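**Q** Protein chains in written order, with my numbering: chain R, 22 to 496; chain A, 333 to 477; chain F, 2 to 496. Below you'll find the structure I mean.
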């Protein structure tokens, strides 16, 4: 295959990039930073009784990082989306406040001469995430290497998963983490991005075939032709299989949901989605029958009070936290009454940050967080809708879905709407790999939203010519 | 805890929640404004490609809004599908960089021409120039908005 | 171009789906943060409530006359701990200990006693914004300290329970269970561990509140339930007589190959008994036949109305009473006619708690309407303001005219010429007393449980009672006289 659509390699930019101001983004970032500053003040006042931010250096660094990212985008002069970065900063900032509010010794790591606690670690990861997102937004020009080498991507992703399966360290019964020296990460987070790239590329390429060359299944129900369904089906099955064996059920649900969404976008056939849902129900039923682990999760979801001191404890504590929060919450730093010096919800910084937000910021805060995710998804889908290229459209849609569906899955688990899974709340939960993966998503969305430099206005005709033209004529 | 401190705490807490929602409202407003602008003026774009002459697809007189990157060719995944027997699957790509338009021939079988001259590699394109792929002639024009 | 529109245009559908999903999430959030919020946030297992309980001085618990049943003191270093007026009240009042958690009313009303914001949602909402005030409440209970003491004293070394309540309002005056224990010893940090360990090891299970959690075979006391079901469903009436009953008295009644025996009343001779007479002499055969005629479905329905089959609505956790183990093919879950017949006179697989049987007596005493039992009648805040908790009805069990038949039957069972031979000990001098004794045969050859349920005065009841003495022998031996003493003590104390 020769170099194809979307290849931006050819024309080199004349001279240096021309900086363009991004006033809307600046305004939104300022609004977000001001809100976070007031939040930090309320936390500080609660803690110390004095009117000062809870952690001024952290606040300053975060604001500085955001402005730097903004500055880089301004200098790069590309017309990329101006709402995504503030929305992500909104969520990241709330996450940072939550991590600052929790006892700092929940997680401690030695980095060189410093000992960093929970809040500082989250800030560090946020900084790295910002840098990654900005770098991708500015540097990602050609999507050729995404689109063309999709099988390479897929293989790489699976290899990463397999590595984790073999060499990973076990945490809470699932092998999800790979340790490289002092840094541990969850490759399944990265895999979700790789899978989206693969799905988008494959579906874009074979869209017409999948949609038109149908095979009659039964009655009026048709399915895509099997030879064309096979590669993507195989990839999906492999990915699902590995995560299921690793007991990362949240990831499995996420991959499948994103796949269905992209399939619908590509073929437009509602029957495909319906069939997909039926398959999902069947598969889930099978899983429930085969794995006692899954049955246990479902039992806890249905009635956590059946085992209030064992399996149900975490969820019950989370629900109590939501209840204590009420409409406006107890205030940052004033909730989460400690049990034995620890927050009442186990693993609140990774599994249940939404419950902490629910208790301290109330339903108002929870709704704000949910709305922020909708903003990101909305922008992402808008970028997809504006794309003229199938691959770019599917890629943008897939990336938006990855963020939105993941948030929905974990929020649903926190609120006892669906069984709890172990995935993170994007941008809010503690977790370096999660922040990085979502930063890559935001960076790619920004890159995909590039509308190039604005065209110059047509040159004004010289004075004399304008005088001679009849009034009311075209200008 | 004295009442003054309590009051200050709650003022700050409410202010925090209010500011969060104000930031969200601003984002939502920007989002909606953008959507409305797009739907009001769907042809707003960097440039347009007008079909001057063609043997079949695309129909003569058709106008395509251009994005920063526009692909031309017989392949159905192209931004502008040129269904001409002399067109290759991936024939050419039109890009907007910096402040100018560029056209590149993607090593097509029968080549691309701009205003009659064959395109070798990358060539700049100005508004009003005509691209020829097979029997199809397309003219680059300014976008609206 | 085939394949319809490009994917870009279908993003609207995806956007709608995601908005719907997040809408459901928001609804879920409002469910836990608004709808179920009060219930969860004031539950005794809530982390905030527990945290408050550890440091806050709890409110007092008072008996119906204002006597202090539970109060707080401080140790030398300032930590509060609880003291209780009398071990007789340890079961209903409970204990609150830093080490061993809480039980009884101390546990159930942790939120009110420690001052976790309570009351209607609006008050709680605004209370958040005010500086933390002393929101502790004292509990005003319906218990009577002297009567409770008397009940425990009368039970003595026997294991058993006494439940006494006002049938007009459901207020529980006595909720006694023996063996009792000393709650103060558990709450006092100095003696807590030793006391609790000893109590746990004690084979007599002193920590078990037999009044609400003890399930016993009720024996003939259960016949009242059968009568309720029979009269309420119209299967039997006051005049119902069974021709085969007198003849079967000698050898017993054959029911599907099993003999139902009677033994108490050879003096009734060959007269077929009606409902009142059968109750007076506690005729098993009459009741077996009445039970078969009423049928398992009716028995189950009326028993459920009385509260059987589930935990009772009460301030303390209760064990459900049952008619049968269930799973049988007959209506109501009975295995066969034999089980139904046995259940009708209180044997078979019937298991009841003393509180449940007291409710049976209370229903009859209150003209056929059952009031919800309760211990706490009001919450009093630190400023002296009372928030009363109003009585609630559990429903009408029997219409008034059918109920008068039962009142007559139960009065005869205590006061009638034959009745007083069995249950005379329950009589209160000068006041018409009504009731039914029970002798619950338990397998294994031990002494039967001695039961009595009843109310007084029979013409205008103000108090109902249930007494069970484990292994106490016949109903008339222990339970009836004990009940009589309790009723007398209560009625004599009334103005």
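All C-beta atoms, glycine included, are put in the ideal place defined by N, C-alpha and C. These numbers were taken from a predicted model, which means no experiment stands behind them.
Could you list the residues in the region 224-253 of chain R with a C-beta less than 9 Å from some C-beta on chain F, going in chain order?
**A** Residues 224, 225, 228, 229, 230, 231, 232, 233.
**Q** Tell me the start and end of each unbroken alpha helix (DSSP H) in the region 389-477 of chain R that is at least 4 residues and wholly inside, in chain order.
**A** Qualifying alpha helix (DSSP H) stretches, in chain order: 411-435, 453-469.
**Q** Using the Cβ count rule (16 or more neighbours within 10 Å means buried), how would you classify residue 461/F?
**A** Label assigned to residue 461/F: exposed.
**Q** Just to make sure I have the definition right: I need the residues of chain F whose C-beta is within less than 9 Å of the C-beta of residue 458/R. Which are they?
**A** Neighbours of residue 458/R on chain F: none; closest Cβ ~19 Å, over 9 Å.
**Q** Per DSSP, which one or two residues make a beta bridge with residue 436/A?
**A** Residue 436/A is bridged to 425/A, 454/A.
**Q** Going by DSSP, what residue range makes up the beta strand (DSSP E) through residue 435/F?
**A** Start and end: 435-441.
**Q** Can you tell me which of the three DSSP states residue 92/F falls into?
**A** In the structure shown, residue 92/F sits in a helix (DSSP, three-state: H, G or I).
**Q** With distances taken from CA atoms, which of 217/F, 356/F, 438/F is nearest residue 475/F?
**A** Nearest option by C-alpha distance: 438/F.
**Q** Is residue 271/F buried or exposed, if buried means 16 or more other CB atoms sit within 10 Å of its CB?
**A** Exposed is the call here.
**Q** Which same chain residues, not among the five before or five after residue 445/R, have their C-beta less than 7 Å away from its C-beta?
**A** Answer for residue 445/R: 371, 431, 452, 455, listed in chain order.
**Q** Residue range of the alpha helix (DSSP H) that residue 13/F falls in?
**A** Unbroken alpha helix (DSSP H) run through residue 13/F: 12-31.
**Q** At the level of alpha carbons, what is the spacing between residue 176/R and residue 221/R?
**A** Approximately 15 Å, taken between the alpha carbons.
**Q** Determine the DSSP secondary structure at residue 527/F, reduced to helix, strand or coil.
**A** Only positions 2 to 496 of chain F appear in this structure, which leaves residue 527/F out of reach.
**Q** Find out if the Cβ-Cβ distance for the pair residue 453/F, residue 353/F is shorter than 8 Å.
**A** In this structure, residue 353/F does not lie closer than 8 Å to residue 453/F by Cβ.
**Q** State yes or no: is the C-beta of residue 91/F within less than 8 Å of the C-beta of residue 182/F?
**A** Against a cut-off of 8 Å, the Cβ pair of residue 182/F and residue 91/F comes out as a contact.
**Q** Identify the continuous alpha helix (DSSP H) that holds residue 313/R and give its terminal residues.
**A** That run of the alpha helix (DSSP H) goes 313-323.
**Q** Could you please give the first and the last residue of the uninterrupted beta strand (DSSP E) stretch that includes residue 455/F?
**A** Element bounds for residue 455/F: 450-457.
**Q** Does the Cβ of residue 390/A have 16 or more other Cβ atoms within 10 Å, making it buried, or fewer, making it exposed?
**A** Under this definition residue 390/A is a buried residue.
**Q** Quick one: which chain R residues come within Cβ less than 7 Å of residue 354/A?
**A** Near residue 354/A (Cβ distances below 7 Å), the residues of chain R are 52.
**Q** Tell me, to the nearest whole angstrom, how far the beta carbon of residue 87/F is from that of residue 146/F; I am working on the premise that it is less than 8 Å.
**A** Their Cβ separation, rounded to whole angstroms, is 7 Å, which keeps residue 87/F and residue 146/F in contact under 8 Å.
**Q** Applying the criterion that 16 or more other CB atoms from any shown protein chain within 10 Å of the CB defines a buried residue, is residue 452/A buried or exposed?
**A** It counts as exposed.
**Q** Hey, how far is the Cα of residue 27/R from the Cα of residue 418/R?
**A** Because the pLDDT of residue 27/R is 42, which lies under 50, any placement of that residue in the model is unreliable, and the number read from its coordinates should be weighed accordingly. Distance between the alpha carbons of residue 27/R and residue 418/R is about 17 Å.
**Q** What whole-angstrom Cβ distance do residue 438/A and residue 449/A have, given they're in contact under 8 Å?
**A** In fact, because the Cβ distance is near 17 Å, the residues do not count as touching under 8 Å.
**Q** List, from N- to C-terminal side, the alpha helix (DSSP H) runs of 4 residues or more that fit wholly inside the region 81-168 of chain R.
**A** Correct list: 105-122, 139-160, 165-168.
**Q** Does residue 375/A have its Cβ less than 8 Å from a Cβ in chain R?
**A** Its pLDDT being 47, under 50, residue 375/A is placed unreliably by the model, and the measurement read from it follows with that caveat. Answer no: the Cβ-Cβ gap between residue 375/A and chain R never drops below 8 Å.
**Q** Spell out whether any CB of chain A is found under 8 Å from the CB atom of residue 107/R.
**A** Yes - at least one Cβ of chain A is within 8 Å of the one on residue 107/R.
**Q** Spatial neighbours of residue 494/F within its chain, please: CB distance less than 6 Å, with the 5 preceding and 5 following residues excluded, ordered by chain position.
**A** Nothing listed; no residue qualifies.
**Q** For residue 383/R, which three-state DSSP category applies?
**A** Here residue 383/R sits in helix by DSSP.
**Q** Please decide whether residue 475/R counts as near chain F, where near means a Cβ-Cβ distance under 8 Å.
**A** With a pLDDT of 45 at residue 475/R, under the threshold of 50, the modelled position of that residue is not reliable, and the figure given next carries that caveat. Residue 475/R does not count as touching chain F.
**Q** Mark residue 17/F as exposed unless 16 or more other C-beta atoms lie within 10 angstroms of its C-beta, in which case mark it buried.
**A** The residue in question, residue 17/F, is exposed, as its Cβ has fewer than 16 Cβ neighbours within 10 Å.
**Q** Is the beta carbon of residue 376/F sitting closer than 8 Å to the one on residue 363/F?
**A** Their beta carbons are not under 8 Å apart, which means residue 376/F does not touch residue 363/F by this criterion.
**Q** Rounded to whole angstroms, what is the Cα-Cα separation between residue 40/R and residue 403/A?
**A** Distance between the alpha carbons of residue 40/R and residue 403/A is about 27 Å.
**Q** So is residue 146/R buried or exposed if we call it buried at 16+ other beta carbons inside 10 Å?
**A** Buried, by the Cβ-count rule.
**Q** DSSP beta-bridge partners for residue 162/F?
**A** 178/F, 469/F, per the DSSP bridge assignment.
**Q** With three or more beta-carbon pairs closer than 8 Å as the criterion, would you say the region 208-218 of chain F touches the region 441-450 of chain F?
**A** Yes: the two stretches touch, three or more of their Cβ pairs being nearer than 8 Å.
**Q** By Cβ distance below 7 Å, which residues in the same chain neighbour residue 221/F in space, the five residues on each side in sequence not counted?
**A** Same-chain partners within the cutoff: 283, 346, 347, 437, 438, 439, 440, 476.
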